[in-house]
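Undergrad: Dumping the structure here so I can ask a few things about it.
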Amino acid sequence: MSTSLFSQTPMVTVRDNRNLAVREIAFHRHPDTPQVTDTRITYHRHDARGFLAQSTDPRLREAGLANFTYLTSLSGEVLRTQSADAGTSLALSDVAGRPCLTLHNLSPDKDDPPVTCTWQYEDASLPGRPLSVTQQLAGAPARIVERLVWAAPTPQAQAQNLAGQCIRHYDTAGLERTNSIALTGVSQSVTRQLLKNADNPDTLVDWQGEDDAGLEPDAHTTLTTADATGAVLSTQDAAGHKQRLRYDVAGQLAGSWLTLKGGTEQVIVKALSYSAAGQKLREEHGNGLVTTYTYEPKTQRLAAIKTERQGSGAKVLQDLRYAYDPVGNVVSVRNDAEATRFWRNQKVVPENTYAYDSLYQLVSATGREMADPGTYTQYTRTYGYDSAGNLTRIRHSAPASGNSYTTDITVSERSNRAVLSTLAKDPTEVETLFNASGQQRLLLPGQSLAWTPRGELHQVFPVKREGGLSDHESYRYDRDSQRVLKSGVQQASGSVQTQRVLYLPGLEQRRTATGDKVTEDLQVITVGEAGRAQVRVLHWAFGKPTDLTNDQLRYSYDNLLGSSALEVDGVGNLISQEEFYPFGGTAVWTHRNAVEASYKTVRYSGKERDATGLYYYGYRYYQSWAGRWLSTDPAGTVDGLNLYRMVKNNPVTWRDGDGREQAVGPLAPDGTPLAKLFESGDIVYGLDAPRKKAVAALEGVGVKRKEAKASPTGMLRLFKKKKERSHIVIQNDITDAVWDPGNPTQYAQDKDIKNHLHDFKRGISFREFLKSHAAYNVKELEGARQLKENPSLVMKLGPELWKKTSKAGLAFQLLDQKKTVHFVVDIIEDTLAGVASKTKGPGTSITSSELRWLYRHRALPEVQANLIFYREGKKISQDEIFGKPEWENYKPKNSTRRAGP
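Residue numbers (this note's numbering): 31 to 931.
In structure tokens:
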């Protein structure tokens, strides 16, 4: 592919004399007009204290508007946020930093009353734990929508490790009760009870008084066992089906099994193998299929996924081959298991190709689609965007079948709110189709939407009938806004049909009824660990279709982005195949049995597709026909100022895990911000000042270094500051928990590490790593002994000891844990000559020692796969650092040793 389109199109950040970003400049070119460059400037304004006060994208700047305006407290806490997309909201915390009051949905529209939420806590004489959350719509009485009950230190509670834990959490779906907790913090027994009349969308909660009277009598209990490290060994779902797991010595999945209630154990995953970098190489499943993975040697990007039946009846069922451009965008994917076909003088190849503009937005795609149930044809799709990244037009062309059309999307002039042109052609009308918080009111013509005060999709009305029962689908969510219940009502042939899906850990209970008569009672057992495949078992308690077998195992094999492309049964025979358009929607759909295939619910991006056509991601719903989200991003600006844009308009390279932020499919393109790539378990290195800046950026998107202890139920436990524990973000976090220069010849005990770190198992593992590597075993070094005898020598002896622990941290993170190291090269990159030559000053710092260690080990696959460098907060390639000529002066003592100093 030609790279001229991308020549001289850097992302430029302009900083003021306070080193605050005030401009972000991007250069846009389209493949159709490569000679035309559009300079797009995003503006940021900061107040006198250096806190962000306003951000504006190029599009709204021209209209004299801002995307975000902030009012902050003296400490920098955002008190008021005015968003063009998400509306205006207020948030106040108490003196302890706990949420106290929020107001949102602020609008003069009487149909959108403002919502006030308040938090109630224990008295100051107690630990200060939350007791309830109260919600009030303007003009309506206040209701307690969450209530928490904490266990007292009774002998009964202590016997189940419950003392001081949240044991009953009432939410808008009902009650979650914790019955037992392991010493490692894993919940061993958890029970869910639904709200009484939960299927009725008009049922509201108000958790006070005799709360259990408002619950259904049925209790759904999930049991879990775990080993001493907290790794789950087995689960038993609410219907009595059991799953068992096994791990290898590195803690990676080695096998899994399923036992249906009253049945015998059957293998789900027979064997797995991994590369030195921790990537899957081969999976063998219980249905006889084997999946192998191939990676590009240099970049470690996934190059191929091959699923085949071996032995008798050998057949390749899927053989996906990926090609990338230099920065990691997918440019083609080919399925070598499929044949090339011909139709109407057209060659139909099982391949998709993709082209991008200079901002890496997808602008065209080619592939194949179904002209009729037995015929394939080629299609081309092109995409158009405005300067804010809103998808404005989709052109679809399939000349051989005559399937050509254009989808236009109308964008508001005052925000990034947008709808199909069939809903509004005039941009001035778009705002009326959204509520004050930016949630869409109308899905398609005649299909209205209703939302909860917490911003969750509450109801969809496919058909509304005046004076009669309307068809609708409604949803209920738990305290974390995750869906617990889906209920549907349809009228047909003079009768009312209802569907109900209850989502429980490892189990979906699906029930269909006509009137009062249950016509189908289906349990869908979802296997938690099955390698890359998703495995589900269909168990009918009642109403099984006549041509299907009960307890059918269904393996779903995905592609690079997690989309369910291939579904087979328990003996490896094909059930269905599906291919998708780039932004979602089915392009190819084949199956052996229409009824059997209709039970496939997990589709594009591995997400459930509802009867409405919406994909449920976890925190948001996605409308594939418009290529955008139905509501604003609950994570804020983590993916940019446009709160509706889907994965930066690059849906074949990026994916979104839960509706809050994009996650990369293959290795991230250069220029990706650190905040987009940092995940739990990662660690940040670099000189102190730029590293602090990087950590501050992570904290700005919700990454926490210090936090009160969390209970196994996930609810915050609020203690005094001395009870805070650290999340591991930088190496100091884990080193300080394990080794104290004040007591340099000893390591911390398990209980002390547990009190210091949230991820205490990782801290304990690091301590054992130090003990087992003589070169890193700092407490046994002569310098540690001297420091013990004479603590005043800490400034002299300390740096060499800290160098040992920091390099040990790199070896532990990259080679042992196979987790990512994010290395910030600002400032130290300018002194690279001194680093390489070990010149006094820049070459003798701890960070210089770390960088030299990485250079010595740069050829190891674990380092190539898990080390990311950053300049000014943006990812750069390893070659930009390791390829510099200054390294020619470096004379290492050792190189590419597995854990050498």
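The beta-carbon is built from N, C-alpha and C at its ideal position, and this holds for glycine as well.
(1) For the beta strand (DSSP E) that contains residue 883, what are its first and last residues?
(2) Is the Cβ-Cβ distance between residue 594 and residue 633 less than 7 Å?
(3) Which partner residues does residue 415 have in the DSSP bridge list?
(4) For a test of the three-state rule: what should DSSP assign to residue 480, helix, strand or coil?
(5) Just checking my contact of residue 852 with residue 714 at CB under 8 Å: how many whole Å lie between their CB atoms?
(6) Per DSSP, residue 400 is paired with what?
(7) Would you mind working out which of 187, 604, 81 sits nearest residue 626, comparing C-alpha positions?
(8) Spatial neighbours of residue 322 within its chain, please: CB distance less than 6 Å, with the 5 preceding and 5 following residues excluded, ordered by chain position.
(9) Say whether the region 437 to 455 touches the region 408 to 421, bearing in mind that this needs 3 or more beta-carbon pairs closer than 8 Å, one atom from each stretch.
(10) Among 215, 207, 211, which residue has its Cα nearest to the Cα of residue 221?
(11) In the DSSP assignment, find the unbroken beta strand (DSSP E) run with residue 796 in it and report its ends.
(12) Looking at residue 681 and residue 165, is the spacing between their C-beta atoms short of 7 Å?
(13) Go ahead and pull the three-state DSSP assignment for residue 645.
(14) If you drop the 5 nearest sequence neighbours on each side, which residues of the same chain put their C-beta closer than 6 Å to that of residue 395?
(15) Can you find at least 3 beta carbon pairs, one from the region 708 to 727 and one from the region 134 to 144, that sit closer than 8 Å?
(16) Count the other C-beta atoms from every protein chain shown that fall within 10 angstroms of the C-beta of residue 831, then say buried if there are 16 or more, exposed otherwise.
(17) Apart from the five residues on each side of it in sequence, which residues of its chain come closer than 7 Å, Cβ to Cβ, to residue 278?
(18) Less than 6 Å between C-beta atoms, sequence neighbours within five positions excluded: which residues of the same chain meet that for residue 527?
(19) Report back the beta-carbon spacing between residue 540 and residue 229 to the nearest angstrom; my notes put them in contact at under 8 Å.
(20) Below 6 Å CB to CB, which residues in the same chain sit around residue 639 once its five sequence neighbours on both sides are set aside?
(21) What whole-angstrom Cβ distance do residue 57 and residue 39 have, given they're in contact under 8 Å?
(22) Using C-beta distances below 6 Å, list every residue in its chain close to residue 308, excluding the 5 sequence neighbours before and after it, in chain order.
(23) Look at the alpha carbon of residue 503 and the alpha carbon of residue 487, and state the distance between them as a whole number of angstroms.
(24) What is the DSSP secondary structure of residue 585, reduced to helix, strand or coil?
(25) So for residue 192, helix, strand or coil by DSSP?
(26) What do you get for residue 814, buried or exposed, if any count of 16 or more other CB atoms within 10 angstroms of its CB means buried?
(27) Decide if residue 797 is buried, meaning its Cβ has at least 16 other Cβ atoms within 10 Å, or exposed.
(28) Taking only runs of the beta strand (DSSP E) that begin and end inside the region 306 to 332, which ones reach a length of at least 3 residues, in chain order?
(29) Going by DSSP in three states, residue 34 sits in which element: helix, strand or coil?
(30) Between residue 801 and the rest of its own chain, which residues show a CB-CB distance below 8 Å, the 5 nearest in sequence each way excluded?
(31) By how many angstroms is the C-alpha of residue 537 removed from the C-alpha of residue 574?
(32) Identify whether residue 893 lies in helix, strand or coil by the three-state DSSP scheme.
(33) Count Cβ pairs between the region 168 to 186 and the region 139 to 159 that sit closer than 8 Å; are there 3 or more?
(34) Do residue 269 and residue 252 count as a contact pair if the criterion is CB distance below 7 Å?
(35) Taking the continuous alpha helix (DSSP H) assigned at residue 362, which residues delimit it?
(36) In terms of residues, what are the limits of the alpha helix (DSSP H) holding residue 346?
TA: In terms of the structure at hand:
(1) Run containing residue 883: none in the beta strand (DSSP E); it sits in the alpha helix (DSSP H), 876 to 886.
(2) yes
(3) 421
(4) strand
(5) 5 Å
(6) 406
(7) 604
(8) 312, 336
(9) yes
(10) 207
(11) Premise fails: residue 796 lies in the alpha helix (DSSP H), 790 to 802, not in any beta strand (DSSP E).
(12) no
(13) strand
(14) 384, 411, 612
(15) no
(16) buried
(17) 284
(18) 520, 544
(19) About 13 Å; that fails the 8 Å criterion.
(20) 633, 645
(21) 4 Å
(22) 848
(23) 10 Å
(24) strand
(25) coil
(26) buried
(27) buried
(28) 310 to 315, 319 to 325
(29) helix
(30) 777, 807
(31) 18 Å
(32) helix
(33) yes
(34) no
(35) Run containing residue 362: none in the alpha helix (DSSP H); it sits in the beta strand (DSSP E), 360 to 365.
(36) Careful: residue 346 lies outside any alpha helix (DSSP H), inside the beta strand (DSSP E) at 345 to 354.
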